[in-house]
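Shown next, in structure tokens, is the structure this report addresses.
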Amino acid sequence: MQVFLIGGSVRDRLLQRPEKDKDFVVLQATEEEFLARFPRAKKVGKGKAVFLLGRDEYTLSTSASIEEELGKRDLTINALALDQKNRLYAHPLALKDLENKLLRPIEKKNFFQDPLRVYRSARFWSELPEFKLHSTLLYISWSVLKSEKIKTLSAERVWGELFKALQAKKPGNFFRFLNLISGFNFWFAQLQESAFIPAGPKHHHPESVLEHTLNLMDALAPDFWGAWLAFCHDLGKVLTPVELLPHHYGHEEKGRAVLKDLAKKLPLPRKMLKYGAIACRYHMLAGKYTSLRPGTRVKLLLSLPQEIFEPFFKLVRLDQGMDYLEQALQDLKVIQKVKLPPAHQNLGSRSGAILHSLRAKALKDFS
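Residues in the sequence shown are numbered consecutively from 15, following the numbering used here.
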């Protein structure tokens with residue numbers, strides 16, 4: 015039995031980046047032999063022999079050698095392995111491409127065998143934005159998309175790559191990669207025309223809806239919620255009738271419909287749908303924060319869960335140039351101190367209306 019640390023953990027160690035979960039490949043061993051050596055390992059899934067031992071993943075491979083196994087990887091920079099004596103094994107181009115910061119595919123057939131590698135490549139570029147894309151990576155990824163093999167992927171696997179990209183150094187690169195290969199079809203069809211739609215009048219947003227969105231995602235990175243709110247906030251603009259461009263009247267409400275459509279294919283968690291809808295609906299309103307009536311400010315502030323309060327107002331600042339975060343935090347403290355008098359409690363909706371009025375008055379007096 016031969017056990018090798020393989021892939022991203024080795025790459026990150028060589029790049030002196032923090033190592034995440036470790037992946038191991040096991041050669042020349044049956045499941046019984048592996049479990050005899052690692053009795054606490056738990057098998058996952060029903061397909062190939064994959065085991066979890068703590069957070070580490072072990073895959074039993076049928077490859078005859080580690081060199082053969084490395085040839086089955088996606089990118090050269092991931093075709094790296096360390097044996098238990100800490101000896102390094104590498105694809106012939108792996109170390110050169112690491113040094114030159116180049117994302118290069120190993121072989122075309124590897125991508126056709128697992129089309130998820132298209133989205134993995136997009137995610138790697140978001141995590142390693144200082145790397146360049148080799149032309150063959152773009153061509154092979156485009157070829158996979160053209161073959162429509164991406165339709166065979168499970169939604170959970172595609173979503174998993176996007177989820178990781180949203181936490182990356184430059185999350186916008188995930189979608190920039192797909193745009194370079196005309197790759198929004200099927201899983202991200204809602205974005206298909208976004209690169210050709212102006213984000214707004216040139217004096218306000220000179221770029222396309224797509225590039226404006228991706229720039230904001232990058233500016234808020236590596237904040238996961240910041241990147242997600244930025245992705246969602248202008249989704250409604252893809253539904254603007256051509257005759258209204260470059261204006262996008264009412265795109266705040268339309269955005270929620272686009273988000274729901276996206277969720278028909280991708281298993282977006284309920285919380286992400288909720289928070290994304292908040293970004294769509296309220297980002298324009300929040301850009302006029304100081305001119306809002308006290309009652310409207312109360313409704314806005316109480317609509318923002320604590321988890322996204324700061325990322326939301328940071329998005330508003332980047333999108334519209336107005337920084338209202340500190341004032342919003344002060345206003346929130348004011349309204350949270352307001353208590354409903356006992357005489358007005360337990361009156362149903364009337365109690366809620368009275369509390370809202372008291373909070374609005376407190377904000378007005380504070381201002």
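Glycine included, every Cβ here is placed at the ideal spot set by N, Cα and C. Since the model is a prediction, treat every value here as computed from it, not as a measurement.
Cβ-based burial, residue i [other Cβ within 10 Å; buried from 16]
i: Lys268; result: buried
i: His141; result: This sequence places Glu at residue 141; His is not what is there. Under this definition Glu141 is a buried residue.
i: Asp35; result: exposed
i: Thr166; result: exposed
i: Met15; result: exposed
i: Gly315; result: Looking at the sequence itself, residue 315 is Leu, so the reference to Gly does not match. Per the 10 Å Cβ criterion, buried.
i: His23; result: Position check: residue 23 holds Ser in this sequence, whereas His was assumed. Counting Cβ neighbours within 10 Å, Ser23 comes out buried, since at least 16 surround it.
i: Val330; result: buried
i: Asn360; result: exposed
i: Val100; result: Before going further, note that residue 100 is Asn rather than Val in the sequence given. So Asn100 ends up on the exposed side.
i: Leu19; result: buried
i: Gly214; result: buried
i: Tyr133; result: buried
i: Lys216; result: exposed
i: Lys378; result: exposed
i: Asp345; result: buried
i: Leu258; result: exposed
i: Arg373; result: buried
i: Lys184; result: buried
i: Ser208; result: buried
i: Ala367; result: exposed
i: Thr254; result: buried
i: Leu224; result: buried
i: Thr90; result: buried
i: Ala179; result: buried
i: Pro356; result: exposed
i: Gly362; result: exposed
i: Arg270; result: buried
CB-CB length for residue i against residue j, believed under 8 Å
i: Trp1; j: Pro325; result: Because residue 1 is not part of the residues shown, which for the chain are 15 to 381, the question remains open.
i: Val252; j: Val272; result: 6 Å
i: Tyr154; j: Phe125; result: The amino acid occupying residue 154 in the given sequence is Ile; Tyr does not appear at that position. About 5 Å separates the two Cβ atoms, so the contact holds.
i: Pro119; j: Val158; result: Pro119 to Val158, Cβ: 10 Å. No contact.
i: Lys146; j: Leu117; result: 7 Å
i: Leu94; j: Ala78; result: That pair is no contact at about 19 Å.
i: Gln181; j: Pro236; result: 6 Å
i: Asp88; j: Arg131; result: 4 Å
i: Leu228; j: Leu194; result: In fact, because the Cβ distance is near 12 Å, the residues do not count as touching under 8 Å.
i: Ala233; j: Leu332; result: 5 Å
i: Arg5; j: Asn92; result: Not covered by the structure: residue 5. The range shown for the chain is 15 to 381.
i: Leu249; j: Trp173; result: Going by Cβ atoms, the distance from Leu249 to Trp173 rounds to 17 Å, so no, they are not a contact pair.
i: Leu354; j: Ser371; result: At roughly 10 Å, the Cβ-Cβ gap does not stay under 8 Å, so Leu354 and Ser371 are not in contact.
i: Val58; j: Phe65; result: 7 Å
Three-state class that DSSP yields for residue i in the structure shown
i: Lys102; result: As written in the sequence, residue 102 is Leu, which differs from the Lys given in the question. Three-state DSSP puts Leu102 in a strand.
i: Ser365; result: helix
i: Val17; result: strand
i: Pro260; result: coil
i: Leu4; result: Only positions 15 to 381 of the chain appear in this structure, which leaves residue 4 out of reach.
i: Ser381; result: coil
Closer than 7 Å to chain C by CB, residue i
i: Ser161; result: Here chain C cannot be found, since the structure has a single protein chain.
The ligand NAP heavy atom lying under 6 Å from the CB of residue i
i: Leu109; result: Within the structure as shown, the ligand NAP is missing, as the structure has no ligands at all.
State whether the stretch 103-113 contacts the stretch 131-140, with contact taken as three or more CB pairs (one from each stretch) at a distance under 8 Å. no
Residue ranges of each alpha helix (DSSP H) within the stretch 129-211, 4 or longer: 130-141, 149-161, 169-179 and 186-194
Curious, which full-length alpha helix (DSSP H) runs of at least 4 residues does the stretch 35-97 contain? 45-51 and 80-84
Three or more beta-carbon pairs under 8 Å between the stretch 211-225 and the stretch 307-322, yes or no? no
Segment contact, 8 Å Cβ cut-off, at least three pairs: the stretch 323-337 with the stretch 283-299: yes
Is there contact between the stretch 59-74 and the stretch 24-40, where contact requires at least three CB pairs shorter than 8 Å? yes
Check whether the stretch 297-304 touches the stretch 330-338, counting contact only when three or more Cβ pairs, one atom from each stretch, lie closer than 8 Å. yes
Length-filtered (4 minimum) alpha helix (DSSP H) runs lying within the stretch 263-315: 265-276 and 284-300
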